[in-house]
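Sequential numbering from 1 applies to the sequence shown in full-length UniProt numbering.
Note that the Cβ used here is the ideal one computed from N, Cα and C, for glycine as well.
Below: one structure, written as structure tokens.
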Amino acid sequence: MLRTEEKKTEQDDYDVVRKVGRGKYSEVFEGINIDKNEKCLIKILKPVKKKKISREIKILQNLQRGPCQAV
């Protein structure tokens, strides 16, 4: 008998509510953090070159340090 185990990932902690936008390298969705019952934004990056992803990550990090608007 084979036994399969499901592994919980960080992605399992979120439910996607609706798509709110898209860009050249990604799509953005409104979501809910299931554990905290908080609204959030989920950004899913499209497969692109590592250099472009690194640039996108730096932009997001700068936004986290600055003023933010709640969803």
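Check	Outcome
Restricting to Cα atoms, I'd like to know which of 33, 27, 17 is closest to residue 47.	27
Could you check whether residue 14 and residue 42 sit closer than 8 Å to each other, using their CB atoms as the reference points?	yes
Could you tell me the distance, in whole angstroms, from the CA atom of residue 35 to the CA atom of residue 29?	18 Å
Could you have a look at residue 49 and say whether DSSP puts it in helix, strand or coil?	coil
Keeping to the same chain, check which residues put their C-beta closer than 8 Å to that of residue 23; ignore five residues upstream and five downstream.	none
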